[in-house]
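Participant: Structure in structure tokens, see below.
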Amino acid sequence: NAGVTQTPKFQVLKTGQSMTLQCAQDMNHEYMSWYRQDPGMGLRLIHYSVGAGITDQGEVPNGYNVSRSTTEDFPLRLLSAAPSQTSVYFCASSPGPRYEQYFGPGTRLTVT
Amino acid sequence: GDSVTQMEGPVTLSEEAFLTINCTYTATGYPSLFWYVQYPGEGLQLLLKATKADDKGSNKGFEATYRKETTSFHLEKGSVQVSDSAVYFCALGDMRFGAGTRLTVKP
Chain A
1 NAGVTQTPKF QVLKTGQSMT LQCAQDMNHE YMSWYRQDPG MGLRLIHYSV
51 GAGITDQGEV PNGYNVSRST TEDFPLRLLS AAPSQTSVYF CASSPGPRYE
101 QYFGPGTRLT VT
Chain B
113 GDSVTQMEGP VTLSEEAFLT INCTYTATGY PSLFWYVQYP GEGLQLLLKA
163 TKADDKGSNK GFEATYRKET TSFHLEKGSV QVSDSAVYFC ALGDMRFGAG
213 TRLTVKP
């Protein structure tokens with residue numbers, strides 16, 4: 001099993017550009033989530049999904065969109081990048097709310 | 113709403129010292145509790161977990177006990193090693209994380 005994979009590993013965007021961060025898991029987990037990690041802020045939940053076709057907002061959803069058309073994939077879209085979105089982004093999956101989460105290796109995004 | 117409050121660092125210890133990282137939570141019901149570890153340049157990985165009151169999670173010499181009466185889940189290790197240097201996160205089962213505690217262990 002590859003576990004949770006994320007692409008790209010690094011990305012530099014200019015303000016106003018859009019892009020999609022990819023996330024895939026091969027463990028047949030129902031739950032998937034996106035976090036951003038900023039110094040001193042821990043992990044903050046952006047969006048999450050409890051199954052294909054079902055998504056919901058987390059703590060910091062503004063400026064991001066998600067969709068979940070398959071169990072395996074959960075892409076995160078930045079609609080119009082802003083410098084405040086400079087961060088490290090982690091995708092995670094889990095069998096359910098009382099189980100551990102499995103994290104991808106992260107994407108380091110810089111918006112100039 | 114639910115929340116996790118974690119002792120902030122950074123924490124610097126000498127090798128073989130005793131480690132405690134405090135974690136308290138606010139939650140409705142009885143959530144599962146987790147400690148995750150993040151090594152430099154990597155994603156988070158599970159260190160240990162507890163799913164009900166008085167459960168003790170343990171792994172790699174680390175321990176934490178689910179204390180419902182004090183709503184706490186403190187992480188402890190009796191003798192830390194240089195290889196334990198990392199960032200440690202306390203988390204609830206509803207995808208809420210503490211701010212993380214950076215641990216540096218010096219030889």
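Respectively, the protein sequence lines represent chains A and B.
Residue numbers for the first sequence follow the working numbering, beginning at 1 and rising by one.
Residue numbers for the second sequence follow the working numbering, beginning at 113 and rising by one.
Ideal placement from N, C-alpha and C gives every residue a C-beta, glycine not left out.
Is the Cβ-Cβ distance between Arg68 of chain A and Gly53 of chain A less than 9 Å?
Facilitator: Cβ atoms of Arg68 of chain A and Gly53 of chain A: closer than 9 Å.
Participant: Give me the subset of the stretch 37-66 of chain A whose CB atoms are less than 9 Å from a CB atom of chain B, sorted by chain position.
Facilitator: Of all residues in the stretch 37-66 of chain A, Gln37, Gly40, Met41, Gly42, Leu43, Arg44, Leu45, Tyr48, Gly58 and Glu59 have a Cβ within less than 9 Å of some Cβ in chain B.
Participant: With distance defined between alpha-carbon atoms, name the residue in A:Glu30, A:Pro83 and A:Leu76 nearest to Asp47 of chain A.
Facilitator: The question names Asp, but residue 47 of chain A is His in the sequence shown. The shortest Cα separation from His47 of chain A among A:Glu30, A:Pro83 and A:Leu76 belongs to A:Leu76.
Participant: Return the chain-ordered list of same chain residues with a C-beta closer than 7 Å to the C-beta of Thr5 of chain A, the five sequence neighbours on each side being excluded.
Facilitator: Ala24 and Gly104.
Participant: Indicate whether Met207 of chain B and Gln101 of chain A have their beta-carbon atoms separated by less than 9 Å.
Facilitator: Taking 9 Å as the Cβ cut-off, Met207 of chain B and Gln101 of chain A qualify as a contacting pair.
Participant: Can you tell me where the beta strand (DSSP E) holding Tyr228 of chain B begins and where it ends?
Facilitator: Because chain B spans 113 through 219 in this model, residue 228 of chain B falls outside it and cannot be assessed.
Participant: Between the alpha carbons of Tyr200 of chain B and Pro219 of chain B, how many angstroms are there, rounded?
Facilitator: Using only the alpha carbons, I get a separation of about 20 Å.
Participant: Within 10 Å of its beta-carbon, does Gly212 of chain B have 16 or more other beta-carbons around it, so buried, or fewer, so exposed?
Facilitator: Its Cβ being crowded by 16 or more others within 10 Å, Gly212 of chain B is buried.
Participant: Beta strand (DSSP E) containing Val192 of chain B: first to last residue?
Facilitator: Element bounds for Val192 of chain B: n/a, residue is neither H nor E.
Participant: Counting only the same chain and skipping the five closest in sequence on each side, list residues whose C-beta sits under 7 Å from that of Glu72 of chain A.
Facilitator: Excluding positions up to five away in sequence, the list reads Ala24, Gln25 and Asp26.
Participant: Could you name the residues of the same chain whose beta carbon sits closer than 6 Å to that of Gly205 of chain B, not counting the 5 residues immediately before and after it, in chain order?
Facilitator: Same-chain partners within the cutoff: Pro143 and Ser144.
Participant: Does the stretch 189-197 of chain B come close enough to the stretch 119-138 of chain B to have 3 or more Cβ pairs within less than 8 Å?
Facilitator: These segments touch.
Participant: Do Gly63 of chain A and Ser49 of chain A have their C-beta atoms closer together than 9 Å?
Facilitator: Against a cut-off of 9 Å, the Cβ pair of Ser49 of chain A and Gly63 of chain A comes out as no contact.
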